[in-house]
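*Asks:*
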Amino acid sequence: MNPILERRRTWLDANPEIFQSTVNDLEDLGYTPLFRTAQRKAFDIFGIEEDVSPPRHTSYRSRDRRIFDAEAFTWTESKAILLAAIGSLKEKGLFLEIGFAGDKSERTKLEDFQSAITNIIDNTKLDTEWEIIQATSRGFDGLLKDKKKNCMVATEIPEEHFSVSAVLEDKAVRDLATLVKRAGGILAADIKDATEKKQSQEALNSLTSLGLLSQEYVVICRNTSRQTNRVKTKEAIEEMEKLGVLCSCGRPISEERIEKLYAPTNFMSKMLNQSYWMTVRLVHSLMEQGISRDRILLNLHDGPEEIDAFADVDGKLLMFELKDSEFSMGHAYPFGGRIGLYQPYSAIVVSTDGVSPDVKDYFEKVEPDSEIIYIGNLKSLDADIGKTVSEVRAVAIGQMISYFTQTSFQIPPPPLLLAKKLDIDLRNISFRGVRRGWMGFESEWYM
Numbered sequence: 284m285n286p287i288l289e290r291r292r293t294w295l296d297a298n299p300e301i302f303q304s305t306v307n308d309l310e311d312l313g314y315t316p317l318f319r320t321a322q323r324k325a326f327d328i329f330g331i332e333e334d335v336s337p338p339r340h341t342s343y344r345s346r347d348r349r350i351f352d353a354e355a356f357t358w359t360e361s362k363a364i365l366l367a368a369i370g371s372l373k374e375k376g377l378f379l380e381i382g383f384a385g386d387k388s389e390r391t392k393l394e395d396f397q398s399a400i401t402n403i404i405d406n407t408k409l410d411t412e413w414e415i416i417q418a419t420s421r422g423f424d425g426l427l428k429d430k431k432k433n434c435m436v437a438t439e440i441p442e443e444h445f446s447v448s449a450v451l452e453d454k455a456v457r458d459l460a461t462l463v464k465r466a467g468g469i470l471a472a473d474i475k476d477a478t479e480k481k482q483s484q485e486a487l488n489s490l491t492s493l494g495l496l497s498q499e500y501v502v503i504c505r506n507t508s509r510q511t512n513r514v515k516t517k518e519a520i521e522e523m524e525k526l527g528v529l530c531s532c533g534r535p536i537s538e539e540r541i542e543k544l545y546a547p548t549n550f551m552s553k554m555l556n557q558s559y560w561m562t563v564r565l566v567h568s569l570m571e572q573g574i575s576r577d578r579i580l581l582n583l584h585d586g587p588e589e590i591d592a593f594a595d596v597d598g599k600l601l602m603f604e605l606k607d608s609e610f611s612m613g614h615a616y617p618f619g620g621r622i623g624l625y626q627p628y629s630a631i632v633v634s635t636d637g638v639s640p641d642v643k644d645y646f647e648k649v650e651p652d653s654e655i656i657y658i659g660n661l662k663s664l665d666a667d668i669g670k671t672v673s674e675v676r677a678v679a680i681g682q683m684i685s686y687f688t689q690t691s692f693q694i695p696p697p698p699l700l701l702a703k704k705l706d707i708d709l710r711n712i713s714f715r716g717v718r719r720g721w722m723g724f725e726s727e728w729y730m
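Residue 284 is where the sequence shown starts when you use our numbering, and the numbers rise one by one after that.
What follows is the structure in structure tokens.
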């Protein structure tokens, strides 16, 4: 399952009591209210009439936000849930919020749900549109706004770089590209000697078609084996022959060796420098999980520190370290320092050649506050990033649902339930109880 959390909000000119009638109308349309259904079953088990339940005195509060009532809905043969809540925001008034939590393949249900609610409450809406609510990481926003920190936002990556990074993920292609870049140019014959013939030809075709290698031609003196001329096309050599151009040894060019040469382009240098191709590949993987490019920061320079990437995933800060080699202890110590400095929710190591066992042992002993995730090869990158993002979203979904459970699942408090079973009248006795939710928020009930 690939869970997503999406929330929307509209403003109302009404009072909170409108929520109950809205829930009733949604139930008539086939949406099952989970909490109210559970409440009815509890009433039935204890033999209590719904109208004798204690008045609602619970709500979710934060510094500037209050939720008066909420409900979760589901439908037949679905693992997703739809959420609805009514509340107020300080200095802005009453709002109705809806949400979707579940697999992205069922996301269209949110559109249907929004349409259904819009038709029900249409005469009370102040806005014609629903605004999208997106949880954001304060740490990420701080990095983005700090002008002293030099960084790149993923929106700056040109689209063509993504297809190139996917090709460079192939080690054979990448090794050949690195070989040519280091040499500044290499003869076709030398490439075939250095690598397996079929593999090298496939790699050459890939690099050339993407504009990472350019083809040139050189004239090689048979006496000295040195390159005497280098031109862009074979036709240029033919023109030189017609003009009677001679080699430095005095022989006509037509009598010397003519060889094809592959040279690195500026584009290839950019993709290989500082393993930029890995950065692009990571961004693509995050985008596949629905992470917006404007919530991904790259190559952040903060004084002596350099961090490969940060991502904001539903309000959680993720930090990435990329290595086109084995991730060793030499990398672990500064990485641990960066974890302490930026305090990400998760710190993820992505390496093309595995992670040293000593690194894992070291962090097990150190026990940093952030979870460390190791991705030791690129073949599992998409799957591992998907798993990481899903786990982060599951936490975000759970945190959101937590205030629903505190405002919605209202069954009579234990004293009333037991008294009903024992036929005891508690009307002249006062009780007060406090329930703590998952996030530590308290709700109260009174009798």
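For each residue, glycine too, the CB sits at the ideal point set by N, CA and C. Remember, predicted model here, so these are calculated numbers, not experimental data.
Do you know offhand how far Ser592's Cα is from Ile656's?
*Replies:* Working through the sequence shown from its first residue, we reach residue 592 at position 309. Working through the sequence shown from its first residue, we reach residue 656 at position 373. Looking at the sequence itself, residue 592 is Ala, so the reference to Ser does not match. So the two alpha carbons sit approximately 14 Å from each other.
*Asks:* With distances taken from CA atoms, which of Gly573, Met523 and Asp424 is nearest Asp386?
*Replies:* Counting from 1 along the sequence shown, the entry for residue 386 is found at position 103. It is Gly573.
*Asks:* May I ask you to list the residues that DSSP assigns as paired with Ile364?
*Replies:* One-based indexing of the sequence shown puts residue 364 at position 81. In the DSSP output, where bridge partners are listed per residue, Ile364 has Ala384.
*Asks:* Between which two residues does the alpha helix (DSSP H) harbouring Arg349 extend?
*Replies:* Numbered from 1 along the sequence shown, position 66 holds the residue referred to as residue 349. Here Arg349 belongs to no alpha helix (DSSP H); instead the beta strand (DSSP E) covers Arg348 to Thr357.
*Asks:* For Asp667, does the count of other Cβ atoms within 10 angstroms reach 16, so buried, or fall short, so exposed?
*Replies:* If you number the sequence shown from 1, residue 667 lands on position 384. Asp667 should be labelled buried.
*Asks:* By a C-beta neighbour count over all protein chains shown, 10 Å radius and 16 as the cutoff for buried, is Tyr559 buried or exposed?
*Replies:* Along the sequence shown, read from residue 1 onward, the residue named residue 559 stands at position 276. Buried, since its Cβ has 16 or more Cβ neighbours within 10 Å.
*Asks:* Mark Val306 as exposed unless 16 or more other C-beta atoms lie within 10 angstroms of its C-beta, in which case mark it buried.
*Replies:* Numbered from its first residue, the sequence shown carries residue 306 at position 23. The residue is buried, with at least 16 neighbouring Cβ atoms inside 10 Å.
*Asks:* What separation, rounded to the nearest whole angstrom, lies between the Cα atoms of Arg457 and Phe603?
*Replies:* As a working mapping, residue 457 is identified with position 174 in the sequence shown. As a working mapping, residue 603 is identified with position 320 in the sequence shown. Answer to the nearest angstrom: the Cα atoms are 22 Å apart.
*Asks:* Starting from Ser568, follow the beta strand (DSSP E) in both directions and report where the run begins and ends.
*Replies:* Reading the sequence shown from its first residue, position 285 is the one you call residue 568. Taken as a continuous stretch (DSSP letters only), Ser568 belongs to no beta strand (DSSP E), being part of the alpha helix (DSSP H) at Tyr559 to Glu571.
*Asks:* Who are the near neighbours of Cys504 in its chain, counting only those whose CB is closer than 7 Å to its CB and skipping five residues on each side?
*Replies:* As a first step, residue 504 is located in the sequence shown; it is residue number 221 there, counting from the start. Excluding positions up to five away in sequence, the list reads Thr511, Cys530, Ser531, Cys532 and Glu539.
*Asks:* So what does DSSP say about Gly370, is it helix, strand or coil?
*Replies:* The sequence position of residue 370 within the sequence shown is 87, counting from 1. Strand, per DSSP.
*Asks:* Measure how close the beta-carbons of Cys434 and Leu601 come, nearest whole angstrom, since I'm counting them as under 8 Å.
*Replies:* Along the sequence shown, read from residue 1 onward, the residue named residue 434 stands at position 151. Along the sequence shown, read from residue 1 onward, the residue named residue 601 stands at position 318. Actually they do not touch by this definition, with Cβ atoms about 15 Å apart.
*Asks:* If you check the beta carbons only, do Phe383 and Asp595 fall under 8 Å apart?
*Replies:* Counted from its first residue, the sequence shown places residue 383 at position 100. Counted from its first residue, the sequence shown places residue 595 at position 312. No. Outside cutoff.
*Asks:* Report all residues from its chain with a CB closer than 6 Å to the CB of Val335; omit the five preceding and five following residues, and keep chain order.
*Replies:* The residue labelled residue 335 in the question sits at position 52 within the sequence shown. Note that Val335 scores 43 on pLDDT, short of 50, meaning its location in the model is unreliable; the coordinates nonetheless yield the value given after this. So the list is empty, once near-sequence residues are dropped.
*Asks:* Could you check what DSSP says for Ala630 in three-state terms: helix, strand or coil?
*Replies:* Position 347 of the sequence shown, counted from the first residue, corresponds to residue 630. Correct three-state label for Ala630: strand.
*Asks:* Assuming the contact rule is C-beta atoms closer than 8 Å, Ser653 and Ser629 should be a hit. Round their C-beta distance to whole Å, please.
*Replies:* The residue labelled residue 653 in the question sits at position 370 within the sequence shown. The residue labelled residue 629 in the question sits at position 346 within the sequence shown. With a Cβ gap of about 6 Å, Ser653 and Ser629 count as contacting.
*Asks:* Taking three-plus beta-carbon pairs below 8 Å as touching, is the segment 544-559 in contact with the segment 519-530?
*Replies:* Verdict: no, contact absent.
*Asks:* Please report the straight-line C-alpha distance between Phe302 and Glu289, rounded to a whole angstrom.
*Replies:* In the sequence shown, the residue the question calls residue 302 occupies position 19. In the sequence shown, the residue the question calls residue 289 occupies position 6. Computed Cα separation, rounded: 20 Å.
*Asks:* Tell me the DSSP bridge mates of Val502?
*Replies:* The count along the sequence shown starts at 1 and reaches residue 502 at position 219. Paired residue(s): Asn512 and Ile541.
*Asks:* Along the alpha helix (DSSP H) that carries Val306, what are the first and last residues, could you check?
*Replies:* Counting from one through the sequence shown, the residue named residue 306 turns up at place 23. Unbroken alpha helix (DSSP H) run through Val306: Ile301 to Asp311.
*Asks:* Could you name the residues that DSSP lists as bridge partners for Lys606?
*Replies:* Numbered from 1 along the sequence shown, position 323 holds the residue referred to as residue 606. Answer by DSSP bridge pairing, in chain order: Ser634.
*Asks:* With distances taken Cα to Cα, identify the nearest neighbour of Trp294 among Ile400, Phe445 and Leu377.
*Replies:* For this step, residue 294 is matched to residue 11 along the sequence shown. Minimum Cα distance to Trp294 is reached at Leu377.
*Asks:* Relative to the C-alpha of Arg509, which residue among Thr516, Leu379, Glu542 and Arg319 is closest?
*Replies:* Mapped onto the sequence shown, residue 509 falls at position 226. It is Glu542 whose Cα lies nearest to the Cα of Arg509.
*Asks:* Can you give me the C-alpha to C-alpha distance between Leu317 and Val633, rounded to a whole angstrom?
*Replies:* Working through the sequence shown from its first residue, we reach residue 317 at position 34. Working through the sequence shown from its first residue, we reach residue 633 at position 350. Those two C-alpha atoms are separated by around 41 Å.
*Asks:* What is the rounded straight-line gap between the Cα of Val563 and the Cα of Ser420?
*Replies:* Sequence index remark: in the sequence shown, residue 563 carries index 280 (1-based). Sequence index remark: in the sequence shown, residue 420 carries index 137 (1-based). The alpha-carbon atoms of Val563 and Ser420 are separated by roughly 22 Å.
*Asks:* Helix or strand or just coil, what does DSSP make of Pro337?
*Replies:* Against the sequence shown, residue 337 aligns to sequence position 54. Confidence is the limiting factor: at Pro337 the pLDDT is only 39, short of 50, which leaves the residue's position unreliable and the question unanswerable from this model.
*Asks:* Take the Cβ of Pro547 as the centre, count every other Cβ of all protein chains shown within 10 Å, and call the residue buried at 16 or more, exposed below.
*Replies:* Start at 1 with the first residue of the sequence shown, and residue 547 comes out as number 264. Pro547 comes out buried.
*Asks:* Do Ala460 and Leu451 have their beta-carbon atoms positioned less than 8 Å apart in this structure?
*Replies:* Residue numbering aside, residue 451 sits at position 168 when the sequence shown is read from its first letter. Residue numbering aside, residue 460 sits at position 177 when the sequence shown is read from its first letter. Their beta carbons are under 8 Å apart, which means Leu451 touches Ala460 by this criterion.
*Asks:* Buried or exposed: which applies to Ala367, given that a residue is buried once 16 or more other Cβ atoms fall within 10 Å of its Cβ?
*Replies:* Residue numbering aside, residue 367 sits at position 84 when the sequence shown is read from its first letter. Flag for Ala367 reads buried.
*Asks:* By Cβ distance, which residues of its chain are closer than 7 Å to Ser225, with the 5 residues on each side in sequence left out?
*Replies:* This structure cannot speak to residue 225, because the chain is shown only from 284 to 730.
*Asks:* Under 6 Å Cβ to Cβ from Ser764, same chain only, skipping five residues before and after it: list those, please.
*Replies:* Residue numbering for the chain in the displayed model covers 284 to 730; residue 764 lies beyond these limits and cannot be assessed.
*Asks:* DSSP on Thr419, reduced to helix/strand/coil?
*Replies:* Translated into the one-based positions of the sequence shown, residue 419 becomes position 136. In the structure shown, Thr419 sits in coil (DSSP, three-state: anything other than H, G, I, E or B).
*Asks:* Once DSSP output is grouped into helix, strand and coil, what is the label at Asn488?
*Replies:* Position 205 of the sequence shown, counting from 1, holds the residue named residue 488. Helix.
*Asks:* Use the C-beta contact count for Leu624: other C-beta atoms within 10 angstroms, 16 or more gives buried, fewer gives exposed.
*Replies:* By one-based count along the sequence shown, residue 624 stands at place 341. Leu624 comes out exposed.
*Asks:* Using the DSSP secondary-structure output, state which residues sit across from Gly669 in a beta bridge.
*Replies:* By one-based count along the sequence shown, residue 669 stands at place 386. Beta-bridge pairing links Gly669 to no other residue.
*Asks:* Give me the Cα-Cα distance between Glu380 and Ile369, rounded to the nearest whole angstrom.
*Replies:* Residue 380 sits at position 97 when you count from the first residue of the sequence shown. Residue 369 sits at position 86 when you count from the first residue of the sequence shown. The alpha-carbon atoms of Glu380 and Ile369 are separated by roughly 6 Å.
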